[in-house]
Amino acid sequence: MGKTMATRMAFGHELLEIAKTNKNFVVCNADTKTCGLEKFGTCFPEREFSFGIAEQNLVGGAAGLAACGNKVFLATFAVFASMRACEQVRTFICYPNLNVTIIGTHAGLQVGGDGATHAAIEDVSIMRAFPNMTIVQPADAIAAKVLAHAAVDFTGPLYVRLHRNPVADVYDPQTYQFEWGKANTVVDHGSDMTIIVSGILLKKAIDAATLLKEQGIGVRVLDMATIKPLDLEAVIRAAKETGAIMTIEDHTILGGLGAAVAEVVVENCPVPMQRIGVQDCFAESGDPELLYRDNQMDVGSIVAKAKALIARK
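So, in structure tokens, the structure goes:
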């Protein structure tokens, strides 16, 4: 399938469409071009609040609006939402369990040319640590559009992790369904191992599984769109049925999807594991595909690491 649009733009554009018939939410912006929601105030001037480049105030204002009974969406770069406003997210949104959806855009190595300072590779680790926080990440534009509808109906603190650039569509818009806290099996070629992935690297996992199948290795691929709460049942079942698990994430391996899966595996059904992601280092400026290659997150590296993992069974 070809590329359509970035998950951030698909989510933002769909939210604008939803707002035409659903008046039950407001948007807070930080004067950044994140996901198209900078246009929200033009379309719905009484439902948009701009705080400028001041994310701590942005989160505080969103919390105040939510405390008055509003459903609130706020949008900014993931690196600023999770770190510059970290205390405000924890204390003003999660602690009182307010109905605020944080849209964190430009996540992971895909930020590329924006450089290491703007590459959010620690955001999931930070948000996972906060009680009451739910974390979700769509794999393509189709999933992002569906998630926009789910987010409008969601109640409580929610972190939506979105990427900068267009990616290949994985899902069929006619059949894709999203359920909170449930993994989606997208490939089931056999029982040699399971790849669990969240976000736009799902396409690389599928391509790797196809190559492995051609070499006689049967792989199951799970799209773990909801990172918190994790689908414990799916992880445990994968460990028992396939005996080896690999996780793939556009994020540091410390505290993110890989760590969450490892916690479940070691406590319930210990099997050989391999975590693919950023290996405890900062991102760099450059072409995203070259950054993925350098961090051994490309298809070729996934295939090689999968073979090594199976050999450990």
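Using this note's numbering, the first residue of the sequence shown is number 6, and each one after it goes up by one. Positions of the beta carbon are idealized from the N, C-alpha and C atoms, including for glycine. Computed from a prediction, not measured in an experiment: that's the story for all the values here.
Supposed close pair residue i, residue j - CB separation, criterion 8 Å
| i | j | result |
| --- | --- | --- |
| L163 | T106 | 4 Å |
| A112 | A125 | 5 Å |
| D128 | A83 | 5 Å |
| I315 | I222 | 7 Å |
| V271 | V240 | Wrong, their Cβ atoms sit about 11 Å apart, outside the cutoff. |
Identity of the residues DSSP links to residue i by a beta bridge
| i | result |
| --- | --- |
| S55 | N34 |
| T231 | V141 |
| D193 | R225 |
| I253 | V202, I281 |
| L42 | Beta-bridge pairing links L42 to no other residue. |
| V77 | V31, V105 |
| A125 | A112 |
| F82 | T110 |
Option nearest residue i by Cα separation, candidates the options
| i | options | result |
| --- | --- | --- |
| G120 | S290, Q220, R225, P234 | S290 |
| L21 | A67, A156, A72 | A156 |
| I140 | C286, P234, F30 | P234 |
| T12 | S55, N102, I205, I241 | I205 |
| G57 | G66, F49, P50, E51 | G66 |
| R242 | Y297, V226, D255, A230 | V226 |
| G17 | T122, G109, A244 | G109 |
| G117 | H168, K150, K208 | H168 |
| A230 | K38, F78, V266, C73 | V266 |
| T190 | V151, V224, E219, D174 | V224 |
| K28 | T39, A80, E51, A15 | E51 |
| H123 | D236, I307, R89 | R89 |
| F287 | T81, H256, E294 | H256 |
| C40 | K76, A153, R317 | A153 |
| V175 | G195, C274, A148, H194 | A148 |
| D228 | E219, K208, A244 | K208 |
| L79 | I211, C33, T9, D292 | C33 |
| F159 | N75, A311, A173, C91 | N75 |
| D303 | L63, P101, Q115, N102 | Q115 |
| D285 | N300, A210, A68 | N300 |
Unbroken alpha helix (DSSP H) run spanning residue i, endpoints
| i | result |
| --- | --- |
| R13 | 12-24 |
| Y297 | 293-299 |
| I107 | Note, I107: premise wrong, no alpha helix (DSSP H); beta strand (DSSP E) at 105-110. |
| L217 | 207-219 |
| F45 | 45-48 |
| L259 | Where L259 is concerned, there is no enclosing alpha helix (DSSP H), given that its DSSP letter is neither H nor E. |
| T247 | 237-247 |
| D303 | From DSSP, D303 is part of no alpha helix (DSSP H); its letter is neither H nor E. |
| A67 | 60-72 |
Element boundaries [beta strand (DSSP E), containing residue i]
| i | result |
| --- | --- |
| T180 | It is not in any beta strand (DSSP E) - T180 carries neither H nor E in the DSSP assignment. |
| R166 | 163-166 |
- Is the stretch 156-172 in contact with the stretch 215-223, if contact means three or more CB pairs nearer than 8 Å? Between the stretch 156-172 and the stretch 215-223 there are fewer than three C-beta pairs closer than 8 Å, too few to call the two in contact.
- Message: Under 8 Å, with one C-beta from each stretch per pair, do the stretch 196-204 and the stretch 45-53 reach the 3-pair mark?
- Response: Because the criterion of three Cβ pairs below 8 Å is not met, the stretch 196-204 and the stretch 45-53 do not touch.
- Message: Under 8 Å, with one C-beta from each stretch per pair, do the stretch 250-264 and the stretch 275-292 reach the 3-pair mark?
- Response: Judged by pairs of C-beta atoms under 8 Å, the stretch 250-264 touches the stretch 275-292, as three or more such pairs exist.
- Would you call the stretch 252-268 and the stretch 124-143 touching, i.e. three or more CB-CB distances under 8 Å? At 8 Å Cβ cutoff, the stretches touch.
- Task: Kindly confirm or deny that the stretch 169-184 and the stretch 21-32 touch, where touching means at least three C-beta pairs closer than 8 Å.
- Result: With the cut-off at 8 Å, the stretch 169-184 and the stretch 21-32 do not touch.
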